[in-house]
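Protein chains: 2
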Amino acid sequence: MSDRRTLILQAATRVIARRGVRGLRVEELAAEAEVSTALIYYHFGDRAGLMRRTLEFISERAERYTEPSAAPQSDPRVHLEQMLLLELQDVPAVVENSIAWGELRSTTVFEPELRDQLRDSTYEWVEYATDLIRQAQEAGTVGEEVIAADAAERLTTLVEGLSERWLSGSTSLNRARELLQGALAAELPLPG
Amino acid sequence: MSDRRTLILQAATRVIARRGVRGLRVEELAAEAEVSTALIYYHFGDRAGLMRRTLEFISERAERYTEPSAAPQSDPRVHLEQMLLLELQDVPAVVENSIAWGELRSTTVFEPELRDQLRDSTYEWVEYATDLIRQAQEAGTVGEEVIAADAAERLTTLVEGLSERWLSGSTSLNRARELLQGALAAELPLPG
């Protein structure tokens, strides 16, 4: 991806995190990214194209900042725990990403354009968590009785819900992290 | 509450569920409720007052439609399970309420006005679920080792997350209900 495109997508995420998807005007984005509106239309076609690429950018960026220090091969359980906990961090890229992701999800309730793409991104995340739980079962750090796909879908849903409660001021970040750690213990009992 | 006020609040919930909080214009609400804009301002003061009363209305209505058939005294565990599962139903009042609740939560990320009220409503819901889990522990249908306040906060957060995934088309209603039932089993083990 060209640097200019990346700069525009970073700026789009910031604008959405500040004012919401429905507050995003191409003129404001152009000012934020310090480019012309013509360049935005040149790269993304129309507002819908821009939204699609922004959702893709947000999903890819989340994969990078949630990259745990534990390798998935050596300790899949710790890798999963770190990956999910890294979604609840008070650092600008994560806060921006989480607000923008929540906004795109809630906008999709009203505007169906991004529905399929959002479902696919969600599904990829759930699939990755499912694979890690299965690997942890093989490695003997998660009990055999756990239904990996169910636990993965619940844990990722819980991360979204905790993130929304934190960002909307209904719970603190520390409490959200503590609750997620408790969920990992309840959903992923040790063998035996 | 006067019938006219209730009609306006029902209409406000419908409009929010259809177009979002940010799509709510007092003129459109007046048309939907078949009253004058002056009457809306007379009853609610300003847009902020209307939003506060609408959030209150939504919270109270949720208490009614999630009223389980099992009495909390006779079977607190089943009462809790029914209460949470009743949040995931494809009936107009629940869908409207869930969309409006999700919208108010996500709007609060950007606009702090309803933050305290939303936190209080959330807290009341969590408290009620906590009490039910404690009663179930006393009745011997939930294990002593469960931390009631944590399980309650997680289960209600999960309901919000599942509701958002369902309403945004990332999961089906049946799957959301199945996942919630699994969470109840994982979070609330029987006494061992």
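Protein sequence lines correspond, in order, to chains A and B.
Going by our numbering, the letters in the first sequence line up with residues 1 to 192, in that order.
Going by our numbering, the letters in the second sequence line up with residues 1 to 192, in that order.
Glycine is no exception: its CB is placed at the ideal position from the N, C-alpha and C atoms.
Check                                                                                                            : Outcome
Contiguous alpha helix (DSSP H) assignments of at least 4 residues, all confined to the region 95–143 of chain B : 115–139
Exposure of G192(B), with buried meaning 16 or more beta-carbon neighbours within 10 Å                           : exposed
Spatially closest choice to D90(B) from L188(B), L184(B), L173(B), by CA coordinates                             : L173(B)
The region 131–141 of chain B in contact with the region 78–93 of chain B per 3-pair CB rule at 8 Å              : yes
Short Cβ contact (8 Å threshold) for V15(A) with L24(A)                                                          : yes
For Q82(B), the three-state DSSP class (helix, strand or coil)                                                   : helix
Chain A within 8 Å of F110(B), Cβ atoms only                                                                     : yes
Residue span of the alpha helix (DSSP H) that contains T156(B), given as start and end                           : 148–167
Top-ranked residue by Cα proximity to I147(A), from A136(B), S170(B), D120(B), G182(B)                           : G182(B)
For D75(B), three-class secondary structure by DSSP                                                              : coil
Residue from R154(B), E153(B), L180(B) whose Cα sits closest to the Cα of W166(B)                                : L180(B)
Close beta carbons around T156(B), own chain, < 8 Å, minus the five adjacent residues each side                  : L84, T122, W125, V126, A129
Below-8 Å beta-carbon distance, S172(A) vs any chain B residue                                                   : no
Rounded straight-line distance, which links the Cα of A139(B) to that of A63(B)                                  : Strictly speaking, residue 63(B) in this sequence is Glu, with Ala absent from that position. So the alpha carbons of these two residues sit roughly 24 Å apart.
Proximity test, Cβ basis, 8 Å: T157(A) and chain B                                                               : yes
Contacting residues, own chain, Cβ-Cβ under 6 Å from E264(A) (five flanking each side not counted)               : Nothing can be reported for residue 264(A): it is not among the residues displayed for chain A, which extend from 1 to 192.
Inter-residue spacing [alpha-carbon to alpha-carbon] between P72(B) and V78(B)                                   : 8 Å
Boundaries of the alpha helix (DSSP H) in which Q10(A) is found, first to last residue                           : 3–19
Beta-carbon proximity list for P68(B), same chain, < 6 Å, skipping 5 on both sides                               : H79, Q82, M83
Distance between beta carbons of L50(B) and I58(B), contact taken as under 8 Å                                   : About 12 Å; that fails the 8 Å criterion.
Within 8 Å of chain A by C-beta, residues of the region 51–64 of chain B in sequence order                       : none
S106(B) vs L118(A) beta-carbon contact at 8 Å                                                                    : no
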